[in-house]
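*Asks:* So that we are looking at the same thing, I have put the structure below in structure tokens.
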Amino acid sequence: STTFANHYTLVTGLYPEHHGIVSNTFYDPVTNDTFNYKDLENNQRSKWWGGEPIWITAVKAGKRSAVHMLPGASAAIGAGR
27 STTFANHYTL VTGLYPEHHG IVSNTFYDPV TNDTFNYKDL ENNQRSKWWG
77 GEPIWITAVK AGKRSAVHML PGASAAIGAG R
């Protein structure tokens, strides 16, 4: 198991095959692109991040939310960031 896949599973409640982050580094043959957790410019693109993390759900419910140092924290996911 890998950090990014496990942590994003915890914050979305989804399995990796449903939220899209299947490892710290992986290749997507459909888009001919590679996700690498060290490539900050690429890994912040919303196309990689399926599902809705808990901080987005909280904001939608009218709550204040902050996140730091979790996979997806800097990515534009859904209506939030």
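Per the working numbering, residue 27 is the first one in the sequence shown, and the count goes up by one each step.
Each residue gets a CB set at the ideal place from its N, CA and C atoms; glycine is no exception.
Computed from a predicted structure; not experimentally measured.
For Tyr-63, which of helix, strand or coil comes out of DSSP?
*Replies:* coil
*Asks:* Mind checking which residues open and close the beta strand (DSSP E) that includes Thr-51?
*Replies:* Element bounds for Thr-51: 51-54.
*Asks:* Taking 8 Å as the limit between beta carbons, can you name the residues of its chain near Asn-69, skipping five residues before and five after?
*Replies:* Phe-61, Asn-62, Tyr-63 and Ala-101.
*Asks:* Of all the options Lys-89, Trp-81 and Asn-32, which has the alpha carbon lying nearest to the alpha carbon of His-44?
*Replies:* Of the listed residues, the one whose Cα sits closest to His-44 is Asn-32.
*Asks:* Return the residue from the list Ser-91, Pro-97 and Leu-96 that minimises the CA-CA distance to Ile-82.
*Replies:* Ser-91
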